[in-house]
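Numbering (this note's numbering), first residue to last: 29 to 172.
Beta carbons: idealized from backbone N, C-alpha and C, even for Gly.
Nothing here was measured: the structure is a model prediction, and the numbers come from that model.
What follows is a short report on a single structure.
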Amino acid sequence: MIALGCDHGGYALMQEVIAYLEKKQIPYQNFGTFSEESVDYPQYGKAVAHAVADGSCEKGILICGTGIGISITANKVKGIRAALCHDVFSAKATRQHNDANILAMGGRVIGPGHALEVVEAFLETPFSNEERHIRRIAQIEEER
Ligand code: RB5
């Protein structure tokens with residue numbers, strides 16, 4: 029199950045992500061927002077981060093205008109590693125190296141064609157499970 033959250037700045041791109049997930053028959057839970065009316069992104073960042081942190085969703089996708097505010101918010105939640113990615117290389121690398129559990133993007137930064145390639149890379153790339161990456165992730169988590 030993929031947890032989805034966006035603000036008004038990410039709403040249009042999120043509709044593309046939802047269409048992609050439906051086409052691929054990937055289950056998702058949409059935490060909103062549900063229109064382009066102006067809202068506060070932390071509310072949606074927190075909802076998705078908690079769904080991933082408590083295990084009810086395996087991964088999350090968050091979109092605001094830049095992807096910055098919503099990823100900063102999500103990364104405040106223990107156990108969350110939200111990665112702001114606007115390219116396929118970073119999306120693959122953050123799965124392999126950081127075991128990132130939330131992908132963040134900016135709806136005003138990236139076009140839908142490229143964004144869906146980033147989503148695909150994020151969802152399909154497994155964690156490397158290499159000892160050095162496990163060790164480094166454990167060091168991140170010590171901070172909380
Ligand atoms: C909303 O205007 C904008 O600030 C928000 O979508 C995001 O870019 C914040 O980081």
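Whole-angstrom C-beta distance between residue j and residue i, which should lie under 8 Å
i, j, result
"I98", "Y69", "5 Å"
"A81", "F59", "Contact doesn't hold; Cβ gap of about 13 Å is too wide."
"C92", "G141", "In fact, because the Cβ distance is near 20 Å, the residues do not count as touching under 8 Å."
"M42", "E86", "That belief does not hold up - the Cβ atoms of M42 and E86 are roughly 18 Å apart, past 8 Å."
"S66", "Y39", "Actually they do not touch by this definition, with Cβ atoms about 10 Å apart."
"V147", "Y72", "Going by Cβ atoms, the distance from V147 to Y72 rounds to 17 Å, so no, they are not a contact pair."
"A138", "H114", "Correcting the residue identity first, residue 138 is Ile in this sequence and not Ala. That pair is a contact at about 5 Å."
CB of residue i within 8 Å of CB of residue j, strictly
i, j, result
"L131", "I89", "yes"
"A77", "A102", "yes"
"T94", "A111", "no"
"V105", "K74", "yes"
Close beta carbons around residue i, own chain, < 7 Å, minus the five adjacent residues each side
i, result
"A149", "V116, A119 and K120"
Residue i, buried or exposed, once every other Cβ within 10 Å from all chains shown has been counted against 16
i, result
"A143", "buried"
"G83", "exposed"
"I54", "exposed"
"G135", "buried"
"T168", "Sequence inspection shows Ile at residue 168; the Thr mentioned does not correspond to that position. Classification of I168: exposed, given that the 10 Å Cβ count is below 16."
6 Å Cβ shell around residue i - same chain, five flanking residues per side excluded
i, result
"H161", "H125"
"G107", "A81"
"E145", "V116"
Proximal residues to residue i (C-beta, below 8 Å), its chain only, five neighbours per side dropped
i, result
"I165", "R109, N126 and D127"
"E170", "none"
* What runs of the alpha helix (DSSP H), each 4 residues or longer, lie entirely inside the segment 108 to 154? -> Whole alpha helix (DSSP H) segments, 4+ residues: 116 to 126 and 140 to 152.
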